[in-house]
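Residue numbers (the working numbering), protein chains in the order written: chain A, 27 to 165; chain B, 27 to 165.
Encoded as structure tokens, the structure appears first; notes follow it.
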DNA sequence: AAACATTTTGCAACAAAGTTGCATTATTTC
DNA sequence: GAAATAATGCAACTTTGTTGCAAAATGTTT
């Protein structure tokens, strides 16, 4: 059973405002990760650019969304799973996939990141894995 | 035996100019990956900002440098190894490490990316793995 | 439900990052 | 060394992201 935007906001101890509900709904109804630009184009007529920046920032801090690194200077955001806060600490362990054909970025929730053996003296804290190629709808 | 900047430019069929030599030397003498900003601050008095943008773009296209994805909207650039062009195709297969303490990003050339099994229908083309944590000099 | 305190929002102004066209200068080719 | 080609610097511009502050909305109290 999927939570509604208001429920998510409430459980994160955030005030329920039109802007937040709206932006969160955009995430809930999208299968892909989105760049700030994508979100802005979907609601710039309803909310100010600044509000979107601040809302994304707030969602990040509360662990509602997470960022996905990219090579092209455009961070993408995607909803977090319920289980990605482990002992007060944010922890996404899934692989991200970017399709070279359709340009979409998605979370492969079922595909966990394999462990890697680092050189002596390095201590890993967080691991990101981004695979690019062709997705199953474009193949 | 390390190649000089002029030699690298020559073997990439690029004209040898002061700007390109200079920027390439910055890469050759740096152990870390660098953001545009880092490069700019090292030579903005010698070259125009636009020249740096265009030079980095050219180096990317020729496979002299590669980008390293990051979560903070600042792409970093690092020198490619000689063997990263395989059959006319760019292919970096090493893990990247970002230190949370000193902020530096380095290529772990000896650490190759483990293989990952993608869901049915997905075809991988390139894989990026970025590990953050504490590096061996900050530990 | 009205009054209060607290947050959030929109606006304006700004700062930083990246792009484009074009004339000038440097590099390569012959 | 002259002609052809390519790279650079400059100016102007677009896009992206940030900050302060007054107005508006939300939450809280009684």
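We put the beta carbon where it would ideally sit given N, CA and C, even for glycine.
Is the beta carbon of residue 148 of chain B less than 9 Å from the beta carbon of residue 133 of chain A? no
Output needed for residue 31 of chain A: all residues of its chain with C-beta closer than 7 Å, excluding positions within five of it in sequence on either side, in chain order. 47, 50, 51 and 54
What residues from chain B crowd round residue 147 of chain A, counting only those whose CB sits closer than 7 Å? 162 and 165
Which residue wins for smallest C-alpha separation from residue 140 of chain B, given the options B:90, B:155, B:38 and B:41? B:155
If you reduce the DSSP assignment to three classes, tell me which class residue 62 of chain B lands in. helix
Secondary structure at residue 164 of chain B, three-state DSSP: helix, strand or coil? coil
Any contact between the region 90-98 of chain B and the region 96-105 of chain A? By contact I mean 3 or more CB pairs, one from each, below 8 Å. yes
Using only alpha-carbon positions, find the residue among A:78, A:57 and A:56 that is nearest to residue 63 of chain A. A:78
Per DSSP, which one or two residues make a beta bridge with residue 96 of chain B? A:96
Please list, in chain order, the chain A residues whose beta carbon lies closer than 9 Å to that of residue 120 of chain B. Here the premise fails: no neighbours, minimum Cβ distance about 11 Å.
Beta-carbon proximity list for residue 85 of chain B, same chain, < 6 Å, skipping 5 on both sides: 91
Can you find a CB in chain A that lies within less than 9 Å of the CB of residue 96 of chain B? yes
Can you find a C-beta in chain B that's less than 9 Å from the C-beta of residue 60 of chain A? no
Extent of the continuous beta strand (DSSP E) to which residue 121 of chain A belongs: 120-125
Using a beta-carbon distance below 9 Å, is residue 100 of chain B in contact with chain A? yes
For a quick check, are the C-beta atoms of residue 157 of chain A and residue 122 of chain A less than 9 Å apart? yes
Closer than 9 Å, Cβ to any Cβ of chain A: which residues of the region 70-94 of chain B, in chain order? 92, 93 and 94
Sequence-distant residues of its chain with Cβ nearer than 7 Å to residue 10 of chain B (five each side left out): Because chain B here runs from 27 to 165, residue 10 of chain B falls outside it and cannot be looked at.
Cβ pair residue 118 of chain A, residue 128 of chain A closer than 9 Å: no
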